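*Asks:* Questions regarding the structure given below will be posed in turn.
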Amino acid sequence: MSTTETVTSAAPATLELKAETSLDYNKAEYKYAAYLPHYKLGEQPPLEEFEHYDVGLRADPAKAALLHATPEAVFRTITPAIGTEVRGVQLSALAPQQLDELALLAAERGVVVFYDQDFADIGPERQRAYGQHFGRLHVHQMGGHIKGYPELLPVYRDFVYVCFPDCGFYGDREGNLLTGPRAGAVDREIQNNISSIKWHTDMSYEINGMGTTTFLALDVPDAGGDTLYLSTTAAYNALSPAFRAFLHGKSATHSGFSQAAVHEHRERYVRAPIETAHPIVRTHPVTGAKSLYVNRLYTRKILGLKEEESATVLNFLYNHIEHGQDWHLRVRWAPGTVVVYDNRNTQHSALRDFDVQEAVTRRHMLRITPQAERPYFDVADRDGRKRETKEDAVENGKQTA
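Just so you know, we're using this note's numbering here: the sequence shown kicks off at 464 and counts up by one.
Written out as structure tokens, the structure reads:
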């Protein structure tokens with residue numbers, strides 16, 4: 464008599480693998496060891512489109528609760544086109560009304576830089592809850608996460624390990640893990656490039672784009688590793704009316720396939736990569752302002768144009784966006800620095816300009832990335848100040864009552 468034995472295996476998605484770094488995950492001397500990258504085995508289902516209501520729509524246009532959050536609060540414009548820096552306000556202490564106003568401020572200014580914050584030390588539960596205030600949190604198609612919190616994304620680099628999920632570089636072009644000695648700042652991650660600049664909008668290939676995003680320093684080099692930001696709204700406004708009109712209504716494809724390609728032979732917790740068409744000019748649901756929504760890292764082709772035509776227009780737009788110093792700023796990181804930026808009207812790039820020394824240098828960041836609406840273009844000529852109320856959104860079918 465034969466016996467059939469049934470073997471039940473644990474679900475692969477329950478396994479969380481530690482990334483190889485120069486740090487021992489089990490040693491307590493590194494303050495942010497709990498924020499080192501992990502990966503899950505298994506597969507995620509594809510993300511489905513959902514309706515998003517932006518909390519900036521319900522904010523007081525004067526932002527009085529935020530601007531006067533404390534007697535010590537100081538808000539200073541960094542450049543006319545982009546950026547506000549904040550001192551004397553703790554991000555972790557903001558009430559829901561003030562967070563709504565922060566979303567509005569980020570929509571208007573693109574980038575808001577907070578200094579001397581305790582946000583890195585409030586723990587992952589509070590950090591996740593904070594991010595959820597702004598929308599449904601994104602889980603990267605194959606990015607590392609902190610253990611138990613797939614929505615919290617560490618961006619990590621040290622002597623052994625490189626993790627830049629926002630730019631799609633976990634390994635070389637053949638999918639080999641980037642480990643071993645570095646040749647200063649010019650390592651295998653960027654050896655085929657003149658510089659380390661990779662301008663992009665986070666995961667623009669997703670159906671629902673990214674919204675009010677928070678990025679913070681955990682441990683950073685004494686010098687180098689800054690982040691560059693730019694305003695795609697100012698870049699759009701700098702174009703001639705005739706060229707803007709040419710772009711209106713046109714769409715381009717954004718692809719996650721090249722980012723996924725370096726992982727093909729590795730067992731990671733992944734979703735199947737997708738390619739999505741989005742308008743080249745998008746409208747911000749809070750401000751009504753228009754901005755350019757193409758980036759060199761993920762955008763592939765303009766629909767309706769021939770290959771050469773598409774390449775010519777896209778290369779012009781990339782160079783225009785990336786080289787216009789009138790709408791750029793640079794953030795130098797230090798412990799306690801937190802940046803809140805709106806992924807809908809900005810692009811950014813990390814700088815890998817620092818030498819990595821064994822057991823000495825690391826750049827360890829954390830990103831909290833809520834998704835927003837599916838990008839859309841409103842042909843109406845708005846002045847950038849008309850804001851849709853929640854009641855308007857219900858009436859227009861964008862939000863349920």
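Cβ atoms here follow ideal geometry from the backbone N, Cα and C, with glycine treated the same way. The model shown is predicted, which means the values in this text are computed figures rather than measured ones.
State yes or no: is the C-beta of Lys526 within less than 9 Å of the C-beta of Leu499?
*Replies:* Counting from 1 along the sequence shown, the entry for residue 526 is found at position 63. Counting from 1 along the sequence shown, the entry for residue 499 is found at position 36. Not closer than 9 Å, so no.
*Asks:* For Val776, report the span of its alpha helix (DSSP H) as first-last.
*Replies:* For the purposes of this step, residue 776 is taken as residue 313 along the sequence shown, with counting starting at 1. Looking at the DSSP string, the run of the alpha helix (DSSP H) that includes Val776 is Glu770 to His786.
*Asks:* Exposed or buried, Asn806, counting other C-beta atoms within 10 Å across all chains shown (16 or more means buried)?
*Replies:* The count along the sequence shown starts at 1 and reaches residue 806 at position 343. Buried, since its Cβ has 16 or more Cβ neighbours within 10 Å.
*Asks:* With a threshold of 6 Å on Cβ separation, who are the neighbours of Arg793 within its own chain once the five nearest residues in sequence on each side are excluded?
*Replies:* Along the sequence shown, read from residue 1 onward, the residue named residue 793 stands at position 330. Here the set comprises Asp689 and Leu691.
*Asks:* Please state if the CB of Tyr804 and the CB of Val574 are separated by a distance shorter than 9 Å.
*Replies:* The residue you call residue 574 lines up with position 111 of the sequence shown. The residue you call residue 804 lines up with position 341 of the sequence shown. A contact, by the Cβ cut-off of 9 Å.
*Asks:* Rounded C-beta distance between Val552 and Phe582? I'm assuming under 8 Å.
*Replies:* For this step, residue 552 is matched to residue 89 along the sequence shown. For this step, residue 582 is matched to residue 119 along the sequence shown. That pair is no contact at about 11 Å.
*Asks:* In or out: Arg589 buried (at least 16 other Cβ within 10 Å) or exposed?
*Replies:* The count along the sequence shown starts at 1 and reaches residue 589 at position 126. The residue in question, Arg589, is exposed, as its Cβ has fewer than 16 Cβ neighbours within 10 Å.
*Asks:* Counting pairs of beta carbons, one from the segment 760-772 and one from the segment 709-720, are three or more of them closer than 8 Å?
*Replies:* Counting Cβ pairs under 8 Å, three or more are found: they touch.
*Asks:* Could you tell me the boundaries of the alpha helix (DSSP H) in which Phe709 lies?
*Replies:* Position 246 of the sequence shown, counting from 1, holds the residue named residue 709. Pro704 to Leu710 is the extent of the alpha helix (DSSP H) around Phe709.
*Asks:* If we call anything under 9 Å between Cβ atoms a contact, is Ser754 one with Ala698?
*Replies:* The residue given as residue 754 occupies position 291 in the sequence shown. The residue given as residue 698 occupies position 235 in the sequence shown. Result yes, Cβ atoms of Ser754 and Ala698 sit closer than 9 Å.
*Asks:* Quick check: the segment 597-616 against the segment 664-673, are at least 3 beta-carbon pairs closer than 8 Å?
*Replies:* Yes, the segment 664-673 is in contact with the segment 597-616.
*Asks:* At what residues does the alpha helix (DSSP H) containing Leu567 begin and finish?
*Replies:* Counted from its first residue, the sequence shown places residue 567 at position 104. Its alpha helix (DSSP H) spans residues Pro559 to Arg572.
*Asks:* Would you please state the rounded distance, in angstroms, between the beta carbons of Ala735 and Pro543? I believe it to be under 8 Å.
*Replies:* Along the sequence shown, one-based indexing puts residue 735 at 272. Along the sequence shown, one-based indexing puts residue 543 at 80. Between Pro543 and Ala735 the Cβ distance is about 43 Å, and since that is not below 8 Å, they are no contact.
*Asks:* Under 8 Å by Cβ, that's how I've got Val801 and Gln580 pegged, so tell me the actual separation to the nearest angstrom.
*Replies:* Looking up residue 801 in the sequence shown gives position 338. Looking up residue 580 in the sequence shown gives position 117. 5 Å between Cβ atoms; contact.
*Asks:* Alpha carbon to alpha carbon, how far is Leu766 from Gly687?
*Replies:* Here residue 766 is taken as the residue at index 303 of the sequence shown, counted from 1. Here residue 687 is taken as the residue at index 224 of the sequence shown, counted from 1. Whole-angstrom Cα-Cα distance: 39 Å.
*Asks:* When DSSP labels each residue in this structure, what does Gln810 get in the three-state scheme?
*Replies:* Residue numbering aside, residue 810 sits at position 347 when the sequence shown is read from its first letter. It is a strand residue.
*Asks:* Expressed to the nearest angstrom, what Euclidean distance is found between the alpha-carbon atoms of Thr547 and Asp487?
*Replies:* Counted from its first residue, the sequence shown places residue 547 at position 84. Counted from its first residue, the sequence shown places residue 487 at position 24. One C-alpha to the other measures close to 38 Å.
*Asks:* Rounding to the nearest angstrom, what Cα-Cα distance links Ile609 and Leu615 in this structure?
*Replies:* Here residue 609 is taken as the residue at index 146 of the sequence shown, counted from 1. Here residue 615 is taken as the residue at index 152 of the sequence shown, counted from 1. The alpha-carbon atoms of Ile609 and Leu615 are separated by roughly 6 Å.
*Asks:* Figure out for me which residue from Val683, His783 and His515 has the closest Cα to the Cα of Asn700.
*Replies:* Position 237 of the sequence shown, counting from 1, holds the residue named residue 700. If we check each option's Cα against that of Asn700, His783 comes out closest.
*Asks:* Is there a C-beta anywhere in chain C that falls below 9 Å from the one on Arg807?
*Replies:* Of the chains in the structure shown, none is chain C; there is only one protein chain.
*Asks:* Can you tell me where the alpha helix (DSSP H) holding Thr902 begins and where it ends?
*Replies:* Coverage of the chain is limited to positions 464 through 864, which leaves residue 902 absent and any answer about it impossible.
*Asks:* Within its chain, find whatever has a CB closer than 6 Å to the CB of Glu479; leave out the 5 residues flanking it on each side and keep chain order.
*Replies:* For this step, residue 479 is matched to residue 16 along the sequence shown. So the qualifying residues of the chain are His501, Lys503 and Lys610.
*Asks:* According to DSSP, what are the bridge partners of Asp682?
*Replies:* Sequence index remark: in the sequence shown, residue 682 carries index 219 (1-based). His827.
*Asks:* What did DSSP end up calling Ser721 once you bin it into helix, strand or coil?
*Replies:* Within the sequence shown, the letter at position 258 stands for residue 721. Note: Ser721 maps to helix in three-state DSSP.
*Asks:* Can you give me the Cβ contacts of Ala566 inside the same chain, cut-off strictly under 7 Å, excluding the 5 residues immediately before and after it?
*Replies:* Residue numbering aside, residue 566 sits at position 103 when the sequence shown is read from its first letter. Taken in chain order, the residues that qualify are Asp517, Val518, Gly519, Ala522, Phe597 and Thr675.
*Asks:* In the DSSP output, what is Phe582 paired with across the bridge?
*Replies:* The residue labelled residue 582 in the question sits at position 119 within the sequence shown. Answer by DSSP bridge pairing: none, since Phe582 is not bridged.
*Asks:* Once DSSP output is grouped into helix, strand and coil, what is the label at Gln590?
*Replies:* As a working note, residue 590 is residue 127 in the sequence shown. Looking at Gln590 - three-state DSSP - the assignment turns out to be helix.
*Asks:* Is Glu535 near Arg550, with beta carbons less than 9 Å apart?
*Replies:* What you label residue 535 is simply residue 72 of the sequence shown in a count that begins at 1. What you label residue 550 is simply residue 87 of the sequence shown in a count that begins at 1. Cβ atoms of Glu535 and Arg550: closer than 9 Å.
*Asks:* What residues are listed by DSSP as bridge partners for Lys753?
*Replies:* As a first step, residue 753 must be located in the sequence shown, where it is residue number 290. Answer is Thr746, bridged to Lys753.
*Asks:* If I measure Cβ to Cβ from Pro838 and keep anything under 7 Å in the same chain, skipping five residues before and after, which residues do I get?
*Replies:* Residue numbering aside, residue 838 sits at position 375 when the sequence shown is read from its first letter. The answer, listed in chain order, is Gly672, His741, Pro742, Arg745 and Tyr756.
*Asks:* Between which two residues does the beta strand (DSSP E) containing Leu792 stretch?
*Replies:* Taking the sequence shown and counting its residues from 1, the one referred to as residue 792 is at position 329. His791 to Val794 is the span of the beta strand (DSSP E), which, as asked, contains Leu792.
*Asks:* Helix, strand or coil, according to DSSP, for Ser485 in the structure here?
*Replies:* In the sequence shown, counting from the first residue as 1, residue 485 sits at position 22. Three-state DSSP puts Ser485 in coil, outside helix and strand.
*Asks:* Answer with buried or exposed for Gly594, where buried requires no fewer than 16 other C-beta atoms within 10 angstroms of its C-beta.
*Replies:* The residue you call residue 594 lines up with position 131 of the sequence shown. By the 10 Å Cβ count, Gly594 comes out buried.
*Asks:* At which residues does the alpha helix (DSSP H) containing Leu760 begin and terminate?
*Replies:* Translated into positions along the sequence shown, residue 760 becomes position 297. Where Leu760 is concerned, there is no enclosing alpha helix (DSSP H), given that its DSSP letter is neither H nor E.
*Asks:* Would a C-beta distance cut-off of 9 Å place Leu529 and Leu557 closer than the cut-off?
*Replies:* The residue labelled residue 529 in the question sits at position 66 within the sequence shown. The residue labelled residue 557 in the question sits at position 94 within the sequence shown. Yes; because the gap between Cβ atoms is below 9 Å, this pair is in contact.
*Asks:* What separation, rounded to the nearest whole angstrom, lies between the Cα atoms of Pro559 and Arg539?
*Replies:* Here the question's residue 559 lines up with position 96 in the sequence shown. Here the question's residue 539 lines up with position 76 in the sequence shown. Taking the straight line from one Cα to the other gives about 22 Å.
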